[in-house]
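So the structure is just underneath, and the comments pick up after that.
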Amino acid sequence: MSKEAGVLSQSLPVVAAIIGQKIDVPVAVHGDKAYTDGTRVVIPCFQPEEADMRDDAYAFIFHEASHIRWTDFSVPMNQDLAGRLTNIFEDARCECLVISHYAGAERLLGNLSRRVLTKPRPTKRAEEALLLLALSGARSNIPGQAFFGQLAEEALTHFAMLSSAARQVFDLIQQRVPLLSSTSDARALAEEVISLAKLNSPTNPKNDPGSDDHQGRPSEEAGPGDDDQGQLKEGTGSVGDNQAQAQQGEGAGPDNGIETDVGVAAAKRLHAAARAQPDEERPVALPSAVAPANNGNGQGRLRRVVPTARLMAAQFECLAQAEARVEIRHRSTGRTLDPRRLYRVALGDPNVFRDVRRAETISAAFHILVDKSQSMRCCISDALDAALAVSLAVQGRRGISLEASAFPGPSKTEVYTLGEGQVVPGALDGLRADGTTPMAEAMHYAASRLAMAPGLRKVMIVVADGGPDNFASATRIAQQIGKSGYLIIGIAIGEVAHAALSRFTHSCVKIENVNELAAALSGVVKHSVYGRR
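Numbered as in this note's numbering, the sequence shown ends at 1832 without a single skipped number.
See the structure below:
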C-alpha cells in the first residue's frame, strides 16, 4: 500500500467521499468495478500508487455525478448512431456544468479525456468518421479540453472526403453544443446531425472509400447516396448504458474500437487497475450513506430523551463556563509585574509576576457509530435514544459538532445516517436490529465524515455489543485512523464486546447494560472536550 494510504486525508476512498459530499452525490468505494446506478457513484476499492490513476478516479466521480445531477435518463441513449451522438453531446453539456460549479473538475476531466479517449484516425466508414468529428468538435468546447481542437480539424479533413456535408455538420456542432440546456436538446442535435449528413452524402458510391455495402458490386446497382446513408442508418452504436457495461467489467466501447464515452473508458481503466492490485493491499471498503425511512415524527422518542438531554446540557454548560474563566496566577518569574502584590516582596514572597491563563478554544468533532446487528435487537431502541440525547445536549454548543450513524444499512456497502449535524428523531423510528457487524466499513465511513468535519480534535465513538465481522480489516482501518490523528473510543456493552473492541480502539469503556449508555456517551464527550468525566 502506498504511503499516501496511511493518512486518511490522502487515501482514495476518503478523498472520493469528500468529493461526493462536495457535489452532493453519494459515493461508495467497494469491489473492483466503477459505475453509477443513477443515484450514486461507485468506484473500485483500491489504493493506486500512481497519482494519475487516483486523479482518474476523482474525474470519474465528477463525470458520473454530473449525469446524476443533470441528465434526463428517460431520453434514449442506446447503441445506435443517434444514441451515441446524444451521449457525446450530453457528456460535453454535463462536463461544462460540473466544471462551472466545482473547482478542480476542469483539470481532472481534461486529463482524463486526454488519456482515455481515442485519437481520431483515418477510417473508411462514414459513421465512424462522423462520430470522431462529433467527439472532437463537441469536446473542444469544454473548458480545459481545447486540445481537441486540433483533433477536430483532422477529423473534419477526413470526414470531408466521405461526405460533402462535413463543414456544415462541424459548424452545426460548434454552434449548438455550447447552447445545449437539456438532454432532450442533445438528442435533437444528434438527430439533426444525422439528418444533415444523410441529406448531403455523396451520390457516387465509387467516390466513397468507406462503402462496405458496395464493395464488389457494380456501381450501377447503387442508387444515389445509398453508401453513406446505409452506413449512417445501421450504426455500431455508442455506449448507451454505462452502468451495465461497467458492472460487467467491460466498458470498453463499441466493437469498432472507437471510444466516445469518457465514463465507460475510465470505468474500464479503473477496473483493470483494481484487478491488478493484490487483495491485501486494498483499503477497507467505504460504504455510502442512506437515510432511514422516516416512519414517524419522533415525538414519542423525544419525550423519552429530553429530560436526559437537558441534564447533560446543563453539565456541559457548567463545564464550558468553568473553562471560559480567565485564571490568574502569580509566579516568581515572568514579564508582567502585579503592582498590587509588590508589598509581598518585603514579606519574603517573590510571587509578584502575573501569569494569565486563558481557556483554550474548544474545537471538537464527534461521530457516534451504533451497532444495529441482529444481536442488538433487545437494546437497539435504547441505544438510539442515548445517541439522540447526546446530540440534543451538544446541539448549538460552540466548537462541538456531532453526527451519528447506524450499521449495517440495507447492505454491507451502506450505512444509515441518523442526521448531519444532529440526530433526527424521526429517522430513528423505523430502524430495526438485523444483519451482521461490518464494523470496519462503518468505521471507514465515520472517518470520512470526520475528515470533512470542522474541529481540531476528532473522535469516533463505537457502540457495540460484540466484535466486528473481520478483525483484520477493523484493525487495519483503526491503524489508519490513528495515523491521521483521530481518536477511536469504544463503548462496549458487556465483557465480550469489551474484549473485542479493546483490540483496536484507543480506549474502551465497558458498561453492563444499555441503560448506562447515555451516561457513558456523555462522559466520553465531556472528557474529550473538557478533560473531565
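Ideal Cβ placement from N, Cα and C applies to all residues, glycine included.
In the displayed model, A1565 falls within a helix according to three-state DSSP.
Per the Cβ contact rule, the segment 1746-1763 is in contact with the segment 1693-1704 (3 or more Cβ pairs under 8 angstroms).
Partner residues in a beta bridge of L1461, as assigned by DSSP, do not exist.
For T1716, there is no enclosing alpha helix (DSSP H); the enclosing beta strand (DSSP E) covers residues 1713-1716. For R1486 and A1428, the gap between their C-alpha atoms comes out near 19 angstroms. DSSP places K1332 outside any beta strand (DSSP E), giving it a letter other than H or E. Under the criterion of beta carbons closer than 8 angstroms, V1415 and A1565 qualify as touching, at roughly 6 angstroms. Runs of alpha helix (DSSP H) with 4 or more residues, each lying fully within the segment 1399-1487, are found at 1404-1415, 1425-1438, 1447-1459, 1465-1475, listed in chain order. DSSP places S1747 within a helical segment (H, G or I) once states are collapsed to three. The C-alpha of E1452 is placed about 14 angstroms away from the C-alpha of L1430. Setting aside the 5 residues that flank it on each side, G1754 is surrounded in the same chain by S1662, A1663, A1664, S1700, each with a C-beta closer than 7 angstroms to its C-beta; the list follows chain order. Straight through space, the alpha carbons of A1692 and S1480 are spaced by roughly 47 angstroms.
Per DSSP, M1352 has no beta bridge partner at all. By the criterion of a C-beta distance shorter than 6 angstroms, A1454 is surrounded in its chain by P1419, L1431, L1432, S1435, once the five residues flanking it on both sides are discounted. Rounded to whole angstroms, E1349 and L1569 show a C-alpha spacing of 12 angstroms. The criterion of a C-beta distance shorter than 8 angstroms is not satisfied by I1387 and T1335.
In the structure shown, E1702 falls within a strand segment according to DSSP collapsed to helix, strand and coil. A distance below 8 angstroms separates the beta carbons of V1328 and I1342. A1364 is a Cβ neighbour of I1322, given a cutoff of 8 angstroms.
Counting along the chain, the unbroken alpha helix (DSSP H) around G1319 starts and ends at 1311-1322. Residues A1664, L1749, Y1785 of the same chain have their beta carbon placed closer than 6 angstroms to that of K1757, with the five preceding and five following residues left out of the count. Taking C-beta separations shorter than 8 angstroms and ignoring five residues to either side along the sequence, the partners of R1676 in its chain run R1731, A1732, D1733, following chain order. Across the set Q1779, R1600, A1739, the C-alpha of A1739 shows the shortest separation from the C-alpha of V1761. Taking all protein chains shown into account, T1716 has 16 or more neighbouring C-beta atoms within 10 Å of its C-beta and is therefore buried.
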